[in-house]
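For the sequence shown, position 15 (counting from the first letter as 1) is numbered 15 according to full-length UniProt numbering, and the numbering increases by one without interruption.
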Amino acid sequence: MPGEDRAMHELSVCRSIADVVTRHAAGRPVTRVHVRVGQLRQIVPETLAYCWELMNAGPPENAGPPENAGPPENGADPPGGQVLAGSVLAGSVLAGSVLEVESVPVSVCCRVCGTRGELADRALRCGTCGAAGVTIVTGEEFLVTSFEVASDPVVPDPAAPGSAAPDTVEA
Ligand SMILES: [Zn+2]
C-alpha cells in the first residue's frame with residue numbers, strides 16, 4: 001500500500017523536525033514551527049501537518065471521540081498509524097505547537113539554453129527548448145526555516161501598583 005508507506009514516511013519526517021526543533025528550543029515551549037519542503041520531496045504538506053497534529057494528540061485518557069475532521073479519503077485509515085503517532089509530542093517543548101508547511105515548487109535551469117522556470121510536470125526537461133539537461137534549482141529542500149517560542153512566562157509582580165513600600169528589600 002503506497003498510501004500507508006507515505007503516511008509512515010511523513011511520520012518519520014515529523015520526528016526529524018521535532019528532533020531539530022527540540023534541540024534548538026533549549027527547553028523553551030514552542031508554539032509554531034515553519035518548515036519548507038520542496039515538491040520533489042515525496043511529502044504532502046497537508047499530510048505532514050496532519051501527522052504533526054497526530055503526534056500532538058493528547059494522552060488517551062483525554063481523547064474524546066474523534067471528530068470527522070479529515071475528508072473521507074478513498075483509502076482506509078492506516079491502522080496503527082495513529083497509535084504510533086499519538087502523543088509523541090505531549091509533554092515535550094513541542095506540545096500544542098502548530099506545524100506550518102511551505103511548499104516550494106520545483107524550478108529548473110536549462111543547461112542548454114539557460115532558461116530558468118518552474119517545472120510543469122514530472123519530466124525533468126526544459127519547457128523552452130525541450131532539452132533534458134536541466135539543473136534543479138529549487139524543489140529538493142527540506143528544512144526547518146524558523147520556529148516561534150512562547151514569550152517568557154509572565155511573573156506576577158509582587159510590587160503591585162498602589163501597594164506601599166515597593167523599595168523594601170529583604171536582606
Ligand atoms: Zn532549454
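All C-beta atoms, glycine included, are put in the ideal place defined by N, C-alpha and C.
Just so it is clear, the structure is predicted and the values come from calculations on it, not from any experiment.
{"query": "Identified DSSP bridge partners for residue 38", "result": "104"}
{"query": "Beta carbon of residue 31 nearer than 9 Å to that of residue 149", "result": "yes"}
{"query": "Beta-carbon contacts of residue 82 that lie in its chain and below 7 Å, excluding the five residues immediately before and after", "result": "Any reading at residue 82 is ruled out, since the residue's pLDDT is 46, under 50, leaving its predicted position unreliable."}
{"query": "Residue 113 and residue 135 closer than 9 Å at C-beta", "result": "no"}
{"query": "Ligand 1 heavy atom lying under 8 Å from the CB of residue 49", "result": "no"}
{"query": "Close-in-space but distant-in-sequence residues of the same chain around residue 13 (CB under 8 Å, 5 per side omitted)", "result": "43, 48, 51, 142"}
{"query": "Nearest residue (CA-CA) to residue 11, options 91, 99, 39", "result": "99"}
{"query": "beta-carbon residue 106 near ligand 1 non-hydrogen atom, thresh 8 Å", "result": "no"}
{"query": "Residue 136 (DSSP reduced to helix, strand or coil)", "result": "strand"}
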